[in-house]
Each structure stands twice: as C-alpha cells, then as structure tokens.
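Residue numbers for the sequence shown follow UniProt numbering, so the first one is 1 and each next one is one higher.
Positions of the beta carbon are idealized from the N, C-alpha and C atoms, including for glycine.
What follows is a short report on a single structure.
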Amino acid sequence: MKKKTKMVHGGITGDERTGAVSVPIYQVSTYKQEAAGKHTGYEYSRTGNPTRHALETVIAELENGKAGFAFGSGMAAITSVMMLMNTGDHVVMTDDVYGGSYRLTTKVLNRFNLDHTFVDTSDSEKVKAAIKPNTKALFIETPTNPLLKVTDLKQMSEIAKENNLLLIVDNTFATPYWQTPLDLGADIVVHSATKYIGGHSDVVSGLVAVNSEKIAEDLHFIQNSVGGVLGPQDSWLLMRGIKTLGLRMEAIEKNTHTLVAFLENHPQVETIYYPGRPDHKGHDIAKQQATGFGGMISFDVGSGEKADQVLSRVKYFTLAESLGAVESLISIPAKMTHASIPWERRQELGITDGLIRLSVGIEDSEDLIEDLKQAME
Ligand SMILES: *Cc1c(COP(=O)(O)O)cnc(C)c1O
C-alpha cells in the first residue's frame, strides 16, 4: 500500500458491527466481563481503548513499526519513552531539541539521576565523543526548530548499533509522510501529533511507534503504569487528521517552495533557513533520508524591530506558537518559543532577534505572498 492509501485504509477502519465507515468514538472507561478475568481484550481504558487502539495501529503502520502508542501530549509521549531508562543512565541529545524536551531533561529527569549531554548531532564525531560507558540512548530531532538543522539518521543508527544504544527520533517536523526513521535504523519514533498529524490546531497529543515487540511490551507497561494516555475523542480527531496528512503535506510543501522563492529575492531578507534549499547545510542528507522538506521556514530580517513590524502587519499569518496546521503561523523564536534560552546562547545558535519563523499552511500562496510583501514594505 502506498502512503496516501495507508492514511485512508490503514490500521483499523470503520465498525464491522454497524458498517459505520468511521471508527466509533468509544467514550467508555470500563468493559463488561463474561466471567472474572474473561474479557474481550479490553478491561479498562487506561490499559486499552478501541478508538485509541485504532489510532495506535495506524501510526505503527505509517512508521513501518511493530506497535504504536498514543499519549495526551507530545511531552507525555517523550516522558514515557524516557521512562524506558534507569537511574544512572545517560542520554546523548540533539543540542537544539524542542524546548519542552530540553526542560524535561534538565529540570525533571535530572532529578531521577538520568544524565544527559547535548551535542550538535549533525556532527557524528561529536556524537561519538559524547558517548560514555553508561550511555543508553541517542535522542535525535531532525530537522530542528527553528534553524532546521539536519542529522544523518543512518549514521546515528550505525553509532547506536556499535554502542548498543537505543535510537530515539523526534519526527514531528518531517511526519511519516516524508520521513520514516524506523526504516533508517531507529528503534523508537516520537511525535507531537499536536502539529502536522492532527493538523488543524484543535488537539494536543503525542504518538510513538517502535520497531520491536520487546520495546512494545516495555512501553505498553509504562503507558499503562504512568497513565498519560490519549482520550477517545482526541484519538478520533487524529485519525481524521491522518486521512488528509499526505494531501496537506504536499499542499504545504508546494506553498513553502513558492514562499522561499519570494523570500530569496526580497531585499529585507538576510538569511533563509530551509532544508529544501541546495545551499542549506544538511540539504543533501535531508534529500537522502526524506522524500520532502516540510513546511517550516526561518528567515532573518536583521533586527528585532523589523521582525516586530512584520508580525504586527501580517493578516493571514497568525501570530502564534505551535506549527503544522492548515493555517499559516508566524512567530519570533527569540521572544516566544526560545525566550527561556539565554541571549548569548541564542546568538551562538543563530536564533537572533530578527529571526522570523513561518509554519506554512494550505492557503492560496498568492495571498500568503501578498501578505508578506505588504508586511515587509
Ligand atoms: C511541540 C513539540 C513537542 C511537544 O509536543 P506537545 O504536543 O506540545 O506536548 C515535541 N517535539 C517537537 C519537535 C515539537 O514541535
């Protein structure tokens, strides 16, 4: 089955009993048992719920994994995956991971003595140098936010195998439509499904897909023990989102290319970060390991004042955090998503005050260009 067909027909579809074409929302917490301990496979909805199960099946299929898991947010998903570690273990992580992953690692998991090192994982030598005797996992995000740095997943997989490490990949930006890390040797893929997978700015959720029965068993134990599960209504919304994920990603990418071409020729724009540009560092790797470059663009207009001006004038771009929705969003990472990073560190990373981040939606690209044009005059 090709990907777009899988998004519509994959997993569990409809309801055999009634012929309903859409999976019912099983708004239920418990299930009648025939005799004590003799049940249909469902006993309590933290452990398993049919609507959530249908979603978990489709994400496993989309990522070419053995099993899938749905959580109440991307962070609940990442936290549960990190619970596979033990106290005293060490994890090597991409240095510009999502802020929430950084906070979880440095302010919460550290209290349980889970050690970490942040490195630029686009440089494999740095990754190798960071590995210690107690290292148990590589946690990679690619492409990253907001500078869209790319890490070579095949290379990470080789390093992970040589050192007997779990390879965990945050695939939120690429989505399984463009990139399937398990095929490149990853063990676990995590998503903030709040973003492209949901796609309509109406649900907060996280998804995980894993490549082995053993990890599946361990993660289900953690999911059931920790309990950060996704509810049936939100599970259903994600399945609806997934049906159009391919169409949306293609429309988004087409608009993104058009916007990049516009920005490249704009005198106010000093630097553009987009993995689809041949001069973007990591472009060749992005091209090898993904079938598309996604819908995130960052560009520098030179100063915080100019960036503020653009944001105050746009009409179709909504000034908001988050990304991956049908509506185009605009933000200044230095003042919003990355404000908690010290100024000096932001300069080192290239997250300047004049850096604007776009999450391109599915509107008509002519309107989007008109909007940016008038905002940058
Ligand atoms: C948003 C995001 C998360 C966290 O997901 P939530 O659904 O907000 O909890 C994790 N990783 C990346 C790359 C994200 O963009």
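query: Identity of the residue in H283, A20, W236, A70 nearest P143 by Cα; result: H283
query: Through-space distance from L368 to T106, alpha-carbon basis; result: 38 Å
query: Cutoff 6 Å; reference G65; Cβ partners in own chain excluding five residues on either side; result: L182, A209, V210, N211
query: Near ligand 2: V204 beta-carbon under 7 Å from a heavy atom; result: Absence of ligand 2 is noted for the structure shown, with ligand 1 being the only ligands found.
query: Short CB-CB distance (under 8 Å) between S205 and chain C; result: The structure shown contains no chain C, having only a single protein chain.
query: G367: CB within 7 Å of a non-hydrogen atom of ligand 1; result: Here the sequence assigns Asp to residue 367, which means Gly is not the residue at that position. Incorrect: D367 has no Cβ contact closer than 7 Å to ligand 1.
query: Rounded straight-line distance, which links the Cα of S192 to that of M75; result: 7 Å
query: Rounded Cβ spacing between I242 and I197 (contact assumed at less than 8 Å); result: 6 Å
query: Any non-hydrogen atom of ligand 1 within 7 Å of Y98 CB; result: yes
query: I140 vs T117 beta-carbon contact at 8 Å; result: no
query: Which residues DSSP lists as bridging residue 401, in chain order; result: Absent from the model: residue 401. The displayed extent of the chain is 1 to 377, so no value can be given.
query: Ligand 1 heavy atom lying under 7 Å from the CB of E63; result: no
query: Segment contact, 8 Å Cβ cut-off, at least three pairs: the stretch 256-264 with the stretch 221-235; result: no
query: Three-state secondary structure (DSSP) of L319; result: strand
query: T194: CB within 7 Å of a non-hydrogen atom of ligand 1; result: yes
query: N255 versus K315 - alpha carbon distance; result: 17 Å
query: Segments of 3+ residues assigned as beta strand (DSSP E) that fall wholly inside the stretch 13-73; result: 67-71
query: DSSP bridge partner residues for A101 (one or two, in chain order); result: For the record, residue 101 in the displayed sequence is Ser; it is not Ala. DSSP output for S101 lists no bridge partner at all.
query: Environment of W178 [buried if 16+ CB atoms lie within 10 Å]; result: buried
query: Residues bridged to V108 (per DSSP); result: DSSP, once it has assigned bridges, lists no residue as partnering V108.
query: heavy atom of ligand 1 below 7 Å from N145 C-beta; result: yes
query: Closest by C-alpha distance to G14, when choosing among T47, V58, G228; result: V58
query: Cα-Cα separation between L238 and V203, rounded to whole angstroms; result: 8 Å
query: Check whether residue 385 and D371 have beta carbons under 8 Å apart; result: With the chain represented from 1 up to 377, any question about residue 385 goes unanswered, as that position is not in the structure.
query: Ordered list of alpha helix (DSSP H) runs contained in the stretch 72-97, each at least 4 residues; result: 74-82
query: CB contact flag (V91, M85, <8 Å); result: yes
query: Exposed unless 16 or more other CB atoms sit within 10 angstroms - verdict on K32; result: exposed
query: Same chain, Cβ closer than 6 Å to M376, neighbours up to 5 away in sequence not counted; result: Q268, V310
query: Continuous alpha helix (DSSP H) assignments of at least 4 residues falling wholly in the stretch 142-210; result: 153-162, 175-178
query: Simplified DSSP assignment, three categories, for L138; result: strand
query: Nearest-angstrom Cα separation, counted from N163 out to K126; result: 15 Å
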